[in-house]
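Notes follow once the structure below has been shown.
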Amino acid sequence: MRAFLILHGWGNFRPAGHWQYELASALRDRGERVVYPQLPDADAPDLEAWRAAAGAALDDARADDARVTVIAHSLGAMLWLGARPDDTGAGRSVDRVLLVAPPSPSYLRENPEVAAFAALEPTRPAAETRIVASDADPCNPEGSRAVYADPLGLPLTTIPGGGHLTPASGYGTWPSVLDWCLEPTATIAPR
Numbered sequence: 348m349r350a351f352l353i354l355h356g357w358g359n360f361r362p363a364g365h366w367q368y369e370l371a372s373a374l375r376d377r378g379e380r381v382v383y384p385q386l387p388d389a390d391a392p393d394l395e396a397w398r399a400a401a402g403a404a405l406d407d408a409r410a411d412d413a414r415v416t417v418i419a420h421s422l423g424a425m426l427w428l429g430a431r432p433d434d435t436g437a438g439r440s441v442d443r444v445l446l447v448a449p450p451s452p453s454y455l456r457e458n459p460e461v462a463a464f465a466a467l468e469p470t471r472p473a474a475e476t477r478i479v480a481s482d483a484d485p486c487n488p489e490g491s492r493a494v495y496a497d498p499l500g501l502p503l504t505t506i507p508g509g510g511h512l513t514p515a516s517g518y519g520t521w522p523s524v525l526d527w528c529l530e531p532t533a534t535i536a537p538r
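One rule links them: number in this note's numbering = place in the sequence shown (from 1) + 347.
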């Protein structure tokens, strides 16, 4: 059995039209098990509250010994990199992780609502992990290659001109992310 855990970012209230919302709907329509929690106080996230909520969601996703695929965007990606719940328990139940548009610590420090997340020390997840980020992300001006991919030894897919990979930058439905969820060898491409 498999399950999908989707973690949103700062200020995201899981709106219809966001690629994560559309992904959750498409996966459910195909009969997949999806856990897509609303993390607490999305406008003013508390690191420990988000970590606890992500841990509870991970426990829910890996019920019945499910193999879990995590898809995290923005602050959810930073949470997974630096404060993820135990992803090695239950026989390493997290198989794959997709981190989309993780913000840089410098960006986080500039924003008091999320500054606590800047102190996280990103570590390489135990599961197979890929980063997908734009070369023009205002939330990571240094670039995901320099900040995360190279230091952690993680593969990176660069989306040219994709901004922060939100609906505002054209990322509502994102068919190739759905393809990747269903088939691990699928390539993630720009919208």
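Where a beta carbon is used, it is the ideal one built from N, C-alpha and C, also for glycine.
Measuring only the C-alpha atoms, how far is residue i from residue j?
| i | j | result |
| --- | --- | --- |
| L467 | P449 | 12 Å |
| F298 | L503 | Not covered by the structure: residue 298. The range shown for the chain is 348 to 538. |
| V524 | P498 | 24 Å |
| A493 | C528 | 26 Å |
| L405 | P507 | 31 Å |
| G358 | A413 | 29 Å |
| P485 | E475 | 27 Å |
| G356 | A389 | 7 Å |
| T534 | W521 | 12 Å |
List the endpoints of the continuous alpha helix (DSSP H) containing residue i.
| i | result |
| --- | --- |
| R431 | First-last for R431: undefined, no H or E at that position. |
| E297 | Outside the displayed range of the chain (348 to 538) lies residue 297, so it cannot be described from this structure. |
According to the neighbour-count rule (16 or more other Cβ atoms, all chains shown, within 10 Å of its Cβ), is residue i buried or exposed?
| i | result |
| --- | --- |
| P531 | exposed |
| P362 | exposed |
| R443 | buried |
| D376 | exposed |
| S453 | exposed |
| F351 | buried |
| G509 | buried |
| A403 | exposed |
| M348 | exposed |
| A373 | buried |
| T416 | buried |
| G500 | exposed |
In terms of residue numbering, what span does the beta strand (DSSP E) encompassing residue i cover?
| i | result |
| --- | --- |
| L354 | 349-354 |
| R380 | 380-382 |
Spell out a yes or no on whether the region 364-380 and the region 411-426 are touching, meaning 3 or more CB-CB pairs, one atom from each, closer than 8 Å. Because the criterion of three Cβ pairs below 8 Å is met, the region 364-380 and the region 411-426 touch.
Touching or not, the region 449-465 and the region 478-488, by the rule of three or more beta carbon pairs under 8 Å? The region 449-465 and the region 478-488 touch, with no fewer than 3 CB-CB distances between them shorter than 8 Å.
Every unbroken alpha helix (DSSP H) within the region 406-491, with a cutoff of 4 residues, ordered by chain: 422-430, 436-439, 452-456
Identify every run of the beta strand (DSSP E) within the region 490-528, keeping only runs that are complete inside it and at least 3 residues long; order them along the chain. 503-506
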